[in-house]
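Just below is one structure, and these are the notes that go with it.
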Amino acid sequence: MEANYNAAEDDRKPLIELSHISKTYVNAAGSFTALKDINLNFYESEFVGVIGKSGSGKSTLVNMITGIDRPTGGKVLVGGLDIHAMKESDQARWRGLNLGVVFQFFQLLPMLTLLENVLLPMDFCNKYEPDSRVERGMELLALVGLEKEAHKLPGSVSGGQQQSAAIARAMANDPPIIVADEPTGNLDAKTADSVYEKFDSLTGEGRTIIMITHDPEIESRLSRTVLISDGEVIDPVLAHTLSWLPHPVLRELGPSLERRSVSGGEPLDMTGVLSNQLVFIEHGQVSLSARGSSNHKKVTLLSPGDYFSGSGILNDATLQDITVRPQNNALTIATLPWNRVTEALSGQSDLIEKMRAQLHGKMSGKEINDKQEEGMIQ
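For what it's worth, numbering that gives the first Met the number 0 labels the leading residue of the sequence shown as 0, then goes sequentially.
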């Protein structure tokens, strides 16, 4: 499966752009910086998970996107509009028309029926004619399987049904963006799965969904993930490929990554600078061949989410004469100097050896002859 960070080099126009976003809270006890120079884009029809531990800054990040909170520095553009430059009254109406929000604890008004809860955003924004709103509300409830429960109060239906009603309410004004804050945190696994299926359907219709979660197990359902740690976005290549490293190490290594595109055809020079670099595949594929200890050639295909290195890092006589050849004309790699890795992991030799072992495993393909290699790399 291709790695879930494929928006990193996306050439589409972003639907949401966060540029140098910072947020510092000041109170009597002092100041606390929740977000630190965040640069991030979201695109149409994406289902993006914002993942992080409690206190990492993920909720603050989403509050910047929804306009619920204002950044200390930087800009948030949604559809090219600077949402924090608007008056509060204009921002509230903009939010009602362009954003649907799904909360962990549903936030349905208990004295209103499910249908009446769904109608509220329509009444507030006046997007639909009054005599058409009930019909639309019933259509939305039918979409989430609640048409028979429309006239019940929230307290008389299950938690999963309340969350489904909250999703219907979020779609009331047909917004292009839906933000969900831990929407399955209080649901059982089966009900949570049905919520994810509804989100999958919505992205298929062209909506963008941004979901806050602390659960990395749902990564396979997402277009990609954004990992937040201590107010910073961890580089997606590192977050996906080296997820087993401590977050402080990943944050330290991120600025040292260098990305570049590589033309297809000619092999990479693994004897020069790259001999002492970790090389991460961001887009495209490469074939990697090396001579094993028995002098037999080993070849493997590497894809996004894989990484390799030159023999200078491996410190291993069983892999020599390493040749890496791009498989197409759309190869993007990110490189990381090995000395930066060893500095960041100073005193943690077990993690360094784990990385070497992982490299050896990825780069040790099956033994083949030269004719077989030709067939693999054509």
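We put the beta carbon where it would ideally sit given N, CA and C, even for glycine.
- Can you list, in chain order, the stretches of the beta strand (DSSP E) that have 3 or more residues and sit fully within the segment 171 to 224? 176 to 180, 207 to 212
- Message: Bridge partners for D229 per DSSP, in chain order?
- Response: For D229, which the question treats as bridged, DSSP gives no partner whatsoever.
- A356 in three-state terms, based on DSSP: helix
- Task: Mind checking who H282 pairs with in its DSSP beta bridge?
- Result: T331
- Message: Let's see if you can read the secondary structure: which residues bound the beta strand (DSSP E) around D36?
- Response: 29 to 41
- Under a Cβ-count criterion, where at least 16 other Cβ atoms within 10 Å of its own Cβ denotes burial, should R11 be classed as buried or exposed? exposed
- Y195 versus S157 - alpha carbon distance: 17 Å
- Query: Where does L300 sit, in a helix, a strand or coil, going by DSSP?
  - Reply: strand
- Item | Whole-Å CB distance - S151 paired with L113, under 8 Å assumed | According to the sequence displayed, residue 151 carries Lys and not Ser. That belief holds up - the Cβ atoms of K151 and L113 are roughly 6 Å apart, short of 8 Å.
- Under the three-state reduction of DSSP, which class applies to H83: helix, strand or coil? helix
- Query: What is the residue span of the alpha helix (DSSP H) that T65 lies within?
  - Reply: 57 to 65
- Message: Just to confirm the assignment, what range does the beta strand (DSSP E) spanning R258 have?
- Response: 257 to 261
- In the structure shown, what three-state DSSP assignment does R69 receive? coil
- Message: Quick check on this structure: which residue in P303, S286, L249 has the alpha carbon closest to the alpha carbon of R324?
- Response: S286
- Under a Cβ-count criterion, where at least 16 other Cβ atoms within 10 Å of its own Cβ denotes burial, should H19 be classed as buried or exposed? exposed
- Determine, using beta carbons only, whether P120 and G95 come nearer to each other than 8 Å. yes
- Query: What three-state label does DSSP hand S363 in the structure shown?
  - Reply: coil
- The alpha helix (DSSP H) enclosing S242, as first and last residue numbers: Unbroken run through S242: none, as it is neither H nor E.
- Could you check where the alpha helix (DSSP H) with H19 kicks off and where it finishes? No alpha helix (DSSP H) holds H19; the beta strand (DSSP E) holding it covers 15 to 26.
- Message: According to DSSP, is K151 part of a helix, a strand, or is it coil?
- Response: coil
- Message: In this structure, how does DSSP classify R324 when only helix, strand and coil are distinguished?
- Response: strand
- Beta-carbon proximity of T71 to T23, cut-off 8 Å: yes
- Give me whichever residues DSSP pairs with F307 in a beta bridge. V278
- Item | Helix, strand or coil at S348 according to DSSP, with G and I counted as helix | helix
- Would you list the residues sitting across from I312 in a DSSP beta bridge? According to DSSP, which records beta bridges pairwise, I312 is partnered with nothing at all.
- Message: Quick check on the DSSP output: the beta strand (DSSP E) that includes V49 runs from which residue to which?
- Response: 46 to 50
- Message: Taking 8 Å as the threshold (beta carbon to beta carbon), is G304 in contact with chain C?
- Response: Judged by its chain identifiers, the structure shown contains no chain C, having just a single protein chain.
- Where does the unbroken alpha helix (DSSP H) through G432 begin, and where does it stop? Only positions 0 to 377 of the chain appear in this structure, which leaves residue 432 out of reach.
- Between A2 and D229, what straight-line distance do the alpha-carbon atoms span, to the nearest angstrom? Its pLDDT being 43, under 50, A2 is placed unreliably by the model, and nothing is read from it.
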